[in-house]
Amino acid sequence: MEFGFMKNTKRIQITLRLDPQTMREIEALCRENEQSVSDVCRSLINAGLPFYKNKTGVDLSRVLLLLETIYLAMTLHLQEDEPELFARIDKLARSHVDEHHA
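If you use our numbering, the sequence shown corresponds to residues 1 to 102, in order.
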């Protein structure tokens, strides 16, 4: 999965390989959450990427959790609306994880 965001006209691009167990845990949390996807993503970005006056401080583990949660939040609705597309995305993500852990 690739994820990008803008901060002061600088673009940051991150590629992420998802861990299946973490995906399942976060998916369960997303189902319980009653906030909109955009609110959840905004909250996670604020929690995971603290910006300071002269530098950017990044907690990598929080960023990875943020990205996995955003991935799930953005694809979870596909499970009902577009099951074939969701299956292809899920299969691709799992193959990347399997390749990474091989």
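The C-beta atom is built at its ideal place from N, Cα and C for all residues, glycine as well.
Counting the other Cβ atoms within 10 Å of the Cβ of residue 73 gives 16 or more, which makes it buried. Put simply, the backbone Cα of residue 76 is about 14 Å away from that of residue 91.
The three-state secondary structure of residue 32, taken from DSSP, is helix. Per DSSP, residue 76 is not a residue of any alpha helix (DSSP H), being assigned neither H nor E. Here DSSP, grouped into helix, strand and coil, assigns residue 82 to coil.
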